[in-house]
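To start, the structure itself, in structure tokens.
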Amino acid sequence: MGKKLLLEHDNVPGIQGYDVYRQMGGYASVEKALKTMNPNAVVEEVKKSGLRGRGGAGFPTGMKWSFLAKPDGVPRHLVCNADESEPGTFKDRYLMSRIPHLLVEGMITSSFALGANTSYIYIRGEYYYIVRILEKAIAEAYAHGWLGKNILGTGYNLDLYVQVGGGAYICGEETALLESLEGKRGNPRIKPPFPAVKGLWERPTVVNNVETIAAVVPIVNNGGDAYAAIGVGKSTGTKLISASGHLNKPGVYEIELGLPVEEFIYSEEYCGGIRNGRELKAVVAGGSSVPILPKHLILNTAAGEPRLMSYESLADGGFVTGTMMGSGGFIAMDDTTSIVKNLYTFTRFYHHESCGQCSPCREGTAWMEKVLHKILDGHGTLADVDLLWDLQKNIEGKTICPLGEAAAWPVAAAIRHFRTEFEEFVKNPTRIKDVKHYYRLNNLPEPVM
Amino acid sequence: MPKVTIDGRTIEVPEGTTILQAARMVGPEVAPPAMCYYTKLNTSGGYCRTCIVKVAQGSEKDPRPMPKPVPSCRTMVMDGMVVENETSPEIVEARKGVVEFLLANHPLDCPVCDQAGECHLQDLSYEHGSAKSRYEFDRRTFDKIDIGPYVQLHMTRCIMCYRCVKVAEQITDGRVHGVINRGDHAEISTYVEQAIDNDFSGNVIDVCPVGALTDKTFRFKSRVWFTKPVDAHRDCTTCSGKVVLWYQGEEVLRVTGRKDQWGEVEEFICNECRFEKKKTSDWTIEGVRTIDRHSVISQGKYARDLEIPAHTKKKLIK
Numbered sequence: 006m007g008k009k010l011l012l013e014h015d016n017v018p019g020i021q022g023y024d025v026y027r028q029m030g031g032y033a034s035v036e037k038a039l040k041t042m043n044p045n046a047v048v049e050e051v052k053k054s055g056l057r058g059r060g061g062a063g064f065p066t067g068m069k070w071s072f073l074a075k076p077d078g079v080p081r082h083l084v085c086n087a088d089e090s091e092p093g094t095f096k097d098r099y100l101m102s103r104i105p106h107l108l109v110e111g112m113i114t115s116s117f118a119l120g121a122n123t124s125y126i127y128i129r130g131e132y133y134y135i136v137r138i139l140e141k142a143i144a145e146a147y148a149h150g151w152l153g154k155n156i157l158g159t160g161y162n163l164d165l166y167v168q169v170g171g172g173a174y175i176c177g178e179e180t181a182l183l184e185s186l187e188g189k190r191g192n193p194r195i196k197p198p199f200p201a202v203k204g205l206w207e208r209p210t211v212v213n214n215v216e217t218i219a220a221v222v223p224i225v226n227n228g229g230d231a232y233a234a235i236g237v238g239k240s241t242g243t244k245l246i247s248a249s250g251h252l253n254k255p256g257v258y259e260i261e262l263g264l265p266v267e268e269f270i271y272s273e274e275y276c277g278g279i280r281n282g283r284e285l286k287a288v289v290a291g292g293s294s295v296p297i298l299p300k301h302l303i304l305n306t307a308a309g310e311p312r313l314m315s316y317e318s319l320a321d322g323g324f325v326t327g328t329m330m331g332s333g334g335f336i337a338m339d340d341t342t343s344i345v346k347n348l349y350t351f352t353r354f355y356h357h358e359s360c361g362q363c364s365p366c367r368e369g370t371a372w373m374e375k376v377l378h379k380i381l382d383g384h385g386t387l388a389d390v391d392l393l394w395d396l397q398k399n400i401e402g403k404t405i406c407p408l409g410e411a412a413a414w415p416v417a418a419a420i421r422h423f424r425t426e427f428e429e430f431v432k433n434p435t436r437i438k439d440v441k442h443y444y445r446l447n448n449l450p451e452p453v454m
Numbered sequence: 034m035p036k037v038t039i040d041g042r043t044i045e046v047p048e049g050t051t052i053l054q055a056a057r058m059v060g061p062e063v064a065p066p067a068m069c070y071y072t073k074l075n076t077s078g079g080y081c082r083t084c085i086v087k088v089a090q091g092s093e094k095d096p097r098p099m100p101k102p103v104p105s106c107r108t109m110v111m112d113g114m115v116v117e118n119e120t121s122p123e124i125v126e127a128r129k130g131v132v133e134f135l136l137a138n139h140p141l142d143c144p145v146c147d148q149a150g151e152c153h154l155q156d157l158s159y160e161h162g163s164a165k166s167r168y169e170f171d172r173r174t175f176d177k178i179d180i181g182p183y184v185q186l187h188m189t190r191c192i193m194c195y196r197c198v199k200v201a202e203q204i205t206d207g208r209v210h211g212v213i214n215r216g217d218h219a220e221i222s223t224y225v226e227q228a229i230d231n232d233f234s235g236n237v238i239d240v241c242p243v244g245a246l247t248d249k250t251f252r253f254k255s256r257v258w259f260t261k262p263v264d265a266h267r268d269c270t271t272c273s274g275k276v277v278l279w280y281q282g283e284e285v286l287r288v289t290g291r292k293d294q295w296g297e298v299e300e301f302i303c304n305e306c307r308f309e310k311k312k313t314s315d316w317t318i319e320g321v322r323t324i325d326r327h328s329v330i331s332q333g334k335y336a337r338d339l340e341i342p343a344h345t346k347k348k349l350i351k
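Each protein sequence line maps, in turn, to chains A and B. Each residue of the first sequence is one higher than the last, beginning at 6 in my numbering. Each residue of the second sequence is one higher than the last, beginning at 34 in my numbering.
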């Protein structure tokens, strides 16, 4: 059984409420940080812990915090990015709806470390029911003196607000999130300047993922070294993985980083193998934007070593034979899955969510969707597959924000690893047009149409 | 002052200069094309991605190259920076890709478009694009919208450079238009087709790099290369009054701001000068405007003294 830090008290009844949470040792990190530590000491602990951003990029959190500009007389802000919209990722939703006080506690401790007196939780519009849960938790924290003026008599003030977004994927990009928080259209800003220098209302700002902020709580409670002892290499601590797809037991799991992928998929403790005893075909390891990997490459690296759930091991082999940890949206697909159809779904999503600011992403995502639709309809040619390859290459690295890349990588990986499947679509148009083919292939009863 | 090397040519520029501005100082042969950047509009640029360059050396202190192509219009130069533009095959290739994206949804209606001849997208696709498009799907189309009595918006031709939005934000007071919708459905709009009504709204026509925003007093009157540009000025209480008059015969067909070598106006002009003063008697004529040789407008116009070959001269004298 792996060690659990965030979801330790997940199953305690009433953990959503303040009293039970406090009984289980909640808000200890706030007491410890505010009474016995100074802000720099908290940042040092986070640095020591080796915690890396859990939102997708995996940037060391301690480093990000130490980059925060501290000009005199200018307020600083901490913003929690709860705009979790990546297809396949639902860990923050679980965490916030089950243990909302953990996020509130993490926000208080982190704000103290950064010297922020006004902090925000930016949550996506679709999570409206979590807004109520969070607001209740914040009201309880205010009532018990954890928020507001002069917290614990230390003279530290903090106000925490929940801001609801309009439900756009692009607002999960940190600068677009800040624009949206300022009340503008959620378009990513051109960097530099980075938010650490000029963020919310041109003030130094740190934007962190929900899970990153929650992880600050055990780091302050147990010390950075204890956190760093968990995990493997530079991937320290635990990570929430939202497993979905053709698994026997999909759901949110807290794993120690360094767990072998094979164990995660097949052991009874975690996902419990593939649905209906079928064969695993491919895995998208970190949310829809990371490259898809076929079975032989997700279980083992190209060098033949077992692949681990860690930032380094998943990225082993670059994008040719590797993938990324991403946000931890683990999508497993069995052998009944059509990679082309799956790719179309992803591409349609990115087309829908592109903000339309820069031309490669605006035009490219729409174009890729149209080409894929054409191939799916059985009108594709081999030249269309090459065109798709060219389009993703022309988008990647040429956009303002990472959304362009997030749209390009799945296309690149699908063609790289499953080109034969695309050719299958192109070469057998009549069979593709026959919608019942899928059911016959998988020995399923044909639907009445 | 930082020194920057662009395509092998070194120049010293003031602190805070962007790569694009530095390249323009070196000369037009190394300057990257720019569709959305406009010197006189703050925060413009960074959207179209045609001006991307490769930074082979970040600076003297930190010589690491930048991992991705950067937009030269929004990237400041550092001392000792080495930039590759036309000399980098990958940039030439990448720019070709960007041009293809820009043209993907752009209609091929140049023969009936008023911007033809002074369209930046035409120049761009001629210089950096490929002859054929691989886009085979229906292009997005929009209905034409009248924004105010003088300006027509034809979104179908728009490349979303955001220049007109910046004009509305920075030059006029009380911005009434912006961007609605998202992705390739995004459009410039006044949302409820509210008229743009203020003294400087006509400048959106000058900053538009394509034919999306056109002058309703000039639409379908002529082609730009049939008209004759003449510098003129008048005493105007709202703007500088320095304009270019475009003549066909004795008639002033349109009035625009004075555009420099990069297609950017020197000074923004007011609507009264642009739309209402269309008689020669309203203006003090300064002289013929020199048009850049590469522009189609210079067709049939003599911007320099003719060198008549000696043998022809003889014949003429006879």
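All C-beta atoms in this analysis are idealised placements derived from N, C-alpha and C, irrespective of residue type, glycine included.
Near chain A, meaning a CB-to-CB distance below 9 Å, the residues of the segment 78-97 of chain B are G78, G79, Y80, C81, R82, T83, I85. Contact annotation: L136/B and V243/B have beta-carbon atoms that are not nearer than 8 Å.
Annotation: L377/A to V131/B spans about 20 Å, alpha carbon to alpha carbon. Within the model, the alpha-carbon separation for E207/A versus H251/A is close to 45 Å. Around H149/A, no beta-carbon contact reaches into chain B at under 9 Å, the shortest distance being about 42 Å.
For E169/B, the number of other beta carbons within 10 angstroms of its own is below 16, and it is reported as exposed. For the pair M101/A and V215/A, the CB atoms are nearer than the 8 Å cut-off. Look at K261/B here: in three-state DSSP terms it is strand.
At a cut-off of 4 residues, the continuous stretches assigned as alpha helix (DSSP H) that sit fully inside the segment 269-352 of chain A are 300-304, 316-320, 323-326. For the segment 97-166 of chain B, the full-length alpha helix (DSSP H) segments reaching 4 residues or more read 122-137, 153-161 along the chain.
For L183/A, the three-state secondary structure derived from DSSP is helix. Within the segment 188-209 of chain A, R190, I195 place their CB atoms closer than 7 Å to a CB of chain B, listed in sequence order. Taking 8 Å as the CB threshold, P35/B stays off the interface with chain A.
C191/B is a Cβ neighbour of I221/B, given a cutoff of 8 Å. In chain A, no part has a C-beta under 8 Å from the C-beta of A164/B; the shortest such distance is about 16 Å. With contacts defined by Cβ atoms closer than 8 Å, G191/A and I175/A form a contacting pair. Taking a beta-carbon distance threshold of 8 Å, Y71/B does not count as an interface residue toward chain A.
Taking the Cα of C152/B as reference, the smallest distance to any Cα among I238/B, V321/B, P35/B, H266/B is reached at I238/B. For I420/A, no CB of chain B lies under 8 Å from its own CB, so it is not counted at the interface with that chain. Residue range 364-381 is occupied by the alpha helix (DSSP H) that includes L381/A. In terms of beta-carbon proximity, G171/A stays away from the interface with chain B, with every pair separated by 8 Å or more. In the assembly as shown, P450/A is an exposed residue. Its beta-carbon has fewer than 16 other beta-carbons within 10 Å.
The beta-carbon distance between V277/B and D293/B, rounded to whole angstroms, is 11 Å. This is too long to meet the 8 Å contact definition.
Taking 8 Å as the threshold, the shortest C-beta distance from V200/B to chain A does not fall below it. Around the Cβ of M68/A, a 10 Å sphere holds fewer than 16 other Cβ atoms; the residue is exposed. Excluding five sequence positions before and after G292/A, the CB atoms of its chain that fall closer than 6 Å to its own CB belong to E91, G93, T94, G331, S332, G334, given in chain order. For E140/A, the enclosing alpha helix (DSSP H) begins and ends at 133-148. With fewer than 16 other CB atoms across the displayed protein chains lying within 10 angstroms of its CB, D382/A is exposed.
In this structure, L83/A keeps its C-beta atom at 8 Å or more from the C-beta atom of A46/A. The way I'd put it, the segment 387-396 of chain A doesn't touch the segment 103-110 of chain B; fewer than three beta-carbon pairs between them come closer than 8 Å. Around the beta carbon of M34/B, fewer than 16 other beta carbons sit within 10 angstroms, so the residue counts as exposed. For G171/A, the three-state secondary structure derived from DSSP is coil. Residue pairing for S249/A: DSSP places it in a beta bridge opposite I336/A. Residues of chain A whose Cβ lies closer than 8 Å to the Cβ of M193/B are, in chain order, G361, Q362, S364, R367.
Between the C-alpha atoms of F269/A and V288/A there is a straight-line separation of about 12 Å. Between G402/A and chain B, the shortest Cβ-Cβ separation is below 8 Å.
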